[in-house]
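Just below is one structure, and these are the notes that go with it.
In full-length UniProt numbering, the protein residues as written are 1 to 289.
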């Protein structure tokens, strides 16, 4: 390693010897050094600048700045889904390199025989701040990830039951895919909320895109029919597949007066939408494609 630039102040010592600090840090974090440019491109994060800023805040005992820095780092790291194992290795390397440079500083300053109390206080303060950074980083990272997952789940839930208003009184709920117990609960909550919010008089629920509905989902589906009826809305079900009908028959399920069934969505729209003759011909042409 090249010769150190001596200084009487640890902050200045780290500033003056930054190239040596970075060299030592990169040698310590062997798995991270090859990822520095990639991380910079992905999240615009300069790991070397950030490492140097962190150690300066630590030796200056700036606790608030350390915690603020940790929160910002956690958010950026989570936002771009960067690997946590690299961050852990990088922080370990920063801590080890800092202690190496504190030792060189003491040697050059003639302070190699520090009193144990002074040495203990110094090491405790520095370690506490680095640990505080690590803790703040992971709390911020986890919080951002949890909020992101929550937002994504809400989006998925909305897409699971996309109610489309057609007129002020009539709306369509086209469902596709598989309905399991979890999705059935989501659909029930969303439908009841939207029926009340939009004051839907007639809800056309198209099931032609449903490939499978398990037994528990069918039972929950019946509860949804009860709820919609209790709210004064008329429910029209279209596109029931034969395999789903067979499952309903096995479970002795009957809609009764809870819902009206139509073979197709086209038929339901013809019956429940007030259209003139020209519009009706247009709709027939649309559905015949």
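Here a beta-carbon is modelled for each residue, glycine too, at the ideal position from N, C-alpha and C.
- DSSP places residue 131 in the helix class (H, G or I) of the three-state scheme.
- The alpha-carbon separation between residue 102 and residue 133 amounts to approximately 19 Å.
- The three-state reading of DSSP puts residue 176 in strand, counting E and B together.
- Setting aside the 5 residues that flank it on each side, residue 75 is surrounded in the same chain by 140 and 144, each with a C-beta closer than 7 Å to its C-beta; the list follows chain order.
- With a minimum length of 4 residues, the unbroken runs of alpha helix (DSSP H) contained wholly in the stretch 9-66 fall at 10-16, 18-28, 30-33, 36-43 and 47-59.
- For residue 235, the three-state secondary structure derived from DSSP is strand.
- For residue 189, the three-state secondary structure derived from DSSP is helix.
- Per DSSP, the continuous beta strand (DSSP E) segment holding residue 202 begins and ends at 202-213.
- Under the criterion of beta carbons closer than 8 Å, residue 225 and residue 206 do not qualify as touching, at roughly 15 Å.
- Scanning its chain for C-beta atoms nearer than 7 Å, with the 5 sequence neighbours on each side dropped, one finds around residue 240 the residues 207 and 261, in chain order.
- Straight-line measurement puts the Cα of residue 270 at about 25 Å from the Cα of residue 192.
- In the structure shown, the three-state DSSP call for residue 164 is strand.
- Assigned with DSSP and collapsed to three states, residue 181 falls in helix.
- For residue 97, the uninterrupted alpha helix (DSSP H) segment begins and ends at 84-109.
- For residue 228, DSSP assigns no beta-bridge partner whatsoever.
- Beta bridge pairing from DSSP links residue 170 with 202.
- Taking residue 52 as the centre and dropping the five residues before and after it, the same chain places the C-beta of 14, 18, 21 and 22 closer than 8 Å to its C-beta, in chain order.
- Taking residue 100 as the centre and dropping the five residues before and after it, the same chain places the C-beta of 24 closer than 7 Å to its C-beta, in chain order.
- Within the same chain, and ignoring the five residues on either side of residue 214 in sequence, the residues whose Cβ sits closer than 6 Å to its Cβ are 180.
- If you look at residue 262, you'll find it in the beta strand (DSSP E) that goes 260-262.
- In chain order, 10 and 13 place their CB closer than 6 Å to the CB of residue 105, counting only its own chain and leaving out the 5 sequence neighbours on each side.
- Distances from the alpha-carbon of residue 110 to those of 266, 7, 256 and 220 put 7 closest.
- Annotation: the continuous alpha helix (DSSP H) that includes residue 266 extends over 265-272.
- DSSP, read as helix, strand or coil, puts residue 3 in coil.
- Per DSSP, the continuous alpha helix (DSSP H) segment holding residue 245 begins and ends at 242-250.
- A check of alpha carbon separations from residue 221 across 186, 154 and 36 identifies 186 as the nearest.
- About 41 Å separates the CB atoms of residue 70 and residue 177; that is not less than 8 Å, and the two are not in contact.
- By the beta-carbon neighbour count (other beta carbons within 10 angstroms, threshold 16), residue 228 is buried.
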